[in-house]
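Below is one structure; the comments refer to it alone.
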C-alpha cells in the first residue's frame, strides 16, 4: 500500500539555473501537491512526458529523496519518520540502473541481501527461486561486465526482488531495452501482481501502460492531471487512440 | 558493524579486481623502489666509471723536462701545440681536453724554494677531468716537498703542525635516519595518497556515474555505515600501497650489493615489532584521513573527469609538507607536531633514528586521529546532501 498525499518537492534555483529556465522565481516545484493511492494486487502506472516529475515522485516514495512537504506512507510507515521500515518493504528498479561490473550475479545479490540484513537460509532459498525463475544459473559465474543487456536486466531484477518486497517501484523499467528484454520486465510486473504485491511503475509509453495497468495517474509539469482506473481512461478516450488521448490531456493542461 | 563489514568486503573485492588499482596500488610500489634503486645507482656508477677511464688529450706549455713522466697513463694522451692560442681553440672545439701551463719562472721559483704557478685550462663540464690531472700534479708536488725537507734538514712533522681527526658519534641508526629517514616517509606518504586516489574515484564518483548509488540508497542499512565502509575500503588500499613500498624498500636494500654491512644490521634491528607498530600507529589514521579528504573532494563530482580535476590539486597539499621534511634543520618540535603530514614525515625520521620522544609521537597520532574523524564527519555531511549524491 502506498499513500501519497499533497507531496511537494521544491528545488531552490541559483542564478545560472534561473537563466537556463528563463524565470525570475527563486524556486521550482518538480512535484506539486501530488496525491494518489496504490493498493496491493493492482498495478499503478505513473504516466507523463519527460521531465514531468515521475522519477522525483518515485524517488521520494523509495526514500532516496525527501519530500519538501506533504506525506508519503508505505505500508503504514512514513517515509519521513520511519525510512528504514519503508526501505525494508520496497524493491526499487530503474531502467537506468547499472550493476557493479566486476562482480558476479551471486556476489551482487549477496551484497544486497546482507545490506537488507537477511539471514543465510532465507537468502539461499530466495536466491534459488529467483535464479531459477529468471534463468540466471547458466551465467551465474560470469562478471557483469561480460554480460549482455538482457542478462544484466535479469540480475537487476533478482537484486531488487531478493528480499521479497511487498511494494515494488519501477522507474521506467523498460527504457532502452529491446522488446525481448522488456518482456521479462512485463512478466515480472504480472508476477508481482499475482503475488498480491503493490506495484507502481512509471513510463512514457502508452502501449506498455495499456498492457499492464489497473490504475493510472498522469503527471505533467509536476502536477497530477489524471488519476482514475485504466478502464475509465479507456472510456474517456472515446474513439481516440489512448496515445492521442494522453497527448491531448497533457496539452490541455 | 554488519553493514560496514559487508561494504568493506564487497568494495575490496570490486576494487582489487580492477587492474588499474591493482597495478597502481600494489604492483607498482613494490617494483618501483628496487627499480629506482638498482637503475639509478647502476647508471651513476657506470657514468662515473666512464668519466674516469675516458681517454683524455692534454698538452703542456713550459713544463719542466721530468713532468711528462708523471702523466704516463694509458688513458692520457700527450699532444704538442706550437702556440697557446691554437691549443685554446682546440679545447673550444673539443679536440683537446686540457692545457697545463707552467709559468715562465716556474723552475726558477721552485728551485729557489718559492711557489711556482701552474695553470690548468679545461672545460668544467668535464667533471672528472681536473681531479685526474691534479692527482698527477700532487704526486709531482710531493716529490718537490720531499726534496725541500731533505735540503732544509727538517722533520716532515715540522711543516705539518696539526693533524685534525674526526670521530663520528652518530650511531649507525642515526646515520640511517639521516640517509633514508627523509626519503622513507616521503615515499610512503605519497604512495598512501595515490593508493587512496583511484579507489576514492571508483567507489564514490564511480557509483554515481554508473547510477548504482540510487539502488544502494533504498536499502535499510545506515547510510553512515555504508559511507564508512567505503572510506575504510579506500583507506585499506592506501595502507596496502604504503606497506608495499616499505617492503619494496627493505627488499631492495637487502638485495643491493653496495649497502654497507653496518647499515644492514641497523636496518635489521630497526625493523622490530615496536617500529612496525609505531609506524602503523600513524599510517592507519593517515590513510583514513586521506580517504576522508578524497571522499569529501570527489563526492560532488558527477563524472570521473570532474573528480580527477578536484583531486589533483590535493596531491600538492600532500607532497609539499612531505618534501619539507627532507630539508635540513626540520625537526619534530612542539610546533611541528601539529602540522599534518609534515609531522608524520618528521616523526618517521626520528623513529628510524630512535630519537623520538613519546609525547611528540602521541600528539602526532592524536592529531591524525582527530583529522581522520573530522574528515569522516565532513564527508558524511556531504554524503547526506541529495544534490551531491544524485546526478
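Residue numbers (the working numbering), protein chains in the order written: chain A, 263 to 515; chain B, 7 to 397. Each residue gets a CB set at the ideal place from its N, CA and C atoms; glycine is no exception. The model shown is predicted, which means the values in this text are computed figures rather than measured ones.
- Query: residue 217 of chain B versus chain A: which residues are under 7 Å apart at the beta carbon?
  - Reply: Under the 7 Å cutoff, chain A gives 358, 359, 360.
- Task: Using a Cβ-Cβ cut-off of less than 9 Å, give me the residues of the stretch 307 to 337 of chain A that come near chain B, in sequence order.
- Result: Answer in chain order: 321, 324, 325, 326, 327, 328.
- Out of curiosity, what's the CA-to-CA distance linking residue 212 of chain B and residue 238 of chain B? One C-alpha to the other measures close to 17 Å.
- Task: With DSSP as the reference, please indicate the residues paired to residue 482 of chain A in a beta bridge.
- Result: A/485
- At least one CB of chain B closer than 8 Å to the CB of residue 393 of chain A: is that the case? no
- Expressed to the nearest angstrom, what Euclidean distance is found between the alpha-carbon atoms of residue 351 of chain B and residue 377 of chain A? Just so you know, the alpha carbons of residue 351 of chain B and residue 377 of chain A end up roughly 39 Å apart.
- Quick one: grab the DSSP three-state call for residue 363 of chain A. coil
- By the criterion of Cβ-Cβ separation under 9 Å, what are the contact partners of residue 504 of chain A in chain B? At a beta-carbon threshold of 9 Å, none of the residues of chain B lie near residue 504 of chain A; the nearest stands roughly 30 Å away.
- Message: Checking 8 Å against the spacing of the C-beta atoms, do residue 145 of chain B and residue 106 of chain B come in under that value?
- Response: no
- Task: Scan the stretch 371 to 390 of chain A for residues whose Cβ lies nearer than 9 Å to a Cβ of chain B and list them as they occur along the chain.
- Result: Within the stretch 371 to 390 of chain A, the qualifying residues are 372, 373, 374, 376, 377, 378, 379.
- Locate the alpha helix (DSSP H) running through residue 460 of chain A, then write down its first and last residues. No alpha helix (DSSP H) contains residue 460 of chain A, which is instead part of the beta strand (DSSP E) from 460 to 465.
- Does residue 434 of chain A get closer than 8 Å to chain B when you measure Cβ to Cβ? no
- Going by Cα to Cα distance, which pick from B/34, B/365, B/378, B/326 is closest to residue 192 of chain B? B/326
- Query: Could one say the Cβ of residue 16 of chain B lies closer than 8 Å to chain A's Cβ atoms, at least one of them?
  - Reply: yes
- Item | residue 267 of chain A - containing beta strand (DSSP E), residue span | Per DSSP, residue 267 of chain A belongs to the beta strand (DSSP E) from 264 to 274.
- Would you mind telling me which residues of chain B sit closer than 9 Å to residue 365 of chain A, beta carbon to beta carbon, in chain order? 16, 19, 20, 23
- the stretch 328 to 340 of chain A contacting the stretch 265 to 282 of chain A, beta-carbon criterion three pairs below 8 Å: yes
- Message: Spatial neighbours of residue 403 of chain A within its chain, please: C-beta separation below 7 Å, excluding the five flanking residues on both sides.
- Response: 366
- Cβ-Cβ distance between residue 373 of chain B and residue 340 of chain B below 8 Å: no
- Which word fits residue 515 of chain A, buried or exposed, when buried means at least 16 other C-beta atoms lie within 10 angstroms of its C-beta? By the neighbour-count rule (16 or more Cβ atoms within 10 Å), residue 515 of chain A is not buried but exposed.
- Task: Can you have a look at residue 48 of chain B and say buried or exposed, based on whether 16 or more other CB atoms are within 10 angstroms of its CB?
- Result: exposed
- So, is the C-beta of residue 211 of chain B closer than 8 Å to a C-beta in chain A? No Cβ of chain A is located within less than 8 Å of the beta carbon of residue 211 of chain B.
- Item | Close Cβ partners of residue 223 of chain B (< 8 Å) along its chain, the five nearest in sequence each way excluded | 229, 395
- Message: Give me the chain B residues within the contact set of residue 354 of chain A, using Cβ-Cβ distance strictly less than 8 Å, ordered along the chain.
- Response: 220, 221, 224
- Message: I'd like to confirm the pairing. Which residues does DSSP put opposite residue 335 of chain A in its beta bridges?
- Response: A/265, A/340
- Out of A/386, A/405, A/384, state which residue places its alpha-carbon closest to the alpha-carbon of residue 363 of chain A. Out of A/386, A/405, A/384, A/405 has the C-alpha closest to the C-alpha of residue 363 of chain A.
- Straight-line CA distance for residue 482 of chain A to residue 289 of chain A? 18 Å
- Message: Which same chain residues end up closer than 8 Å to residue 359 of chain A when comparing Cβ atoms and leaving out the 5 residues on each side of it in sequence?
- Response: 418
- Message: Let me check one thing: in DSSP terms, what residues is residue 309 of chain A bridge-paired to?
- Response: Residue 309 of chain A pairs with A/465, A/480.
- Output the boundary residues of the beta strand (DSSP E) element that contains residue 430 of chain A. 429 to 433
- Task: Counting only runs of 3+ residues fully inside the stretch 101 to 187 of chain B, write out the beta strand (DSSP E) ranges in chain order.
- Result: 104 to 108, 124 to 128
- Item | alpha helix (DSSP H) segment containing residue 292 of chain A, residue limits | Careful: residue 292 of chain A lies outside any alpha helix (DSSP H), inside the beta strand (DSSP E) at 289 to 300.
- Message: Tell me the rounded alpha-carbon separation between residue 413 of chain A and residue 361 of chain A.
- Response: About 11 Å.
- Item | Residues near residue 374 of chain A by beta carbon distance below 6 Å, same chain, minus five either side | Excluding sequence neighbours, residue 374 of chain A sits near 421, 424.
- Query: residue 322 of chain B: buried (16+ other C-beta within 10 angstroms of its C-beta) or exposed?
  - Reply: exposed
- Message: Nearest by alpha-carbon distance to residue 391 of chain B: which of B/140, B/243, B/233, B/289 is it?
- Response: The shortest Cα separation from residue 391 of chain B among B/140, B/243, B/233, B/289 belongs to B/233.
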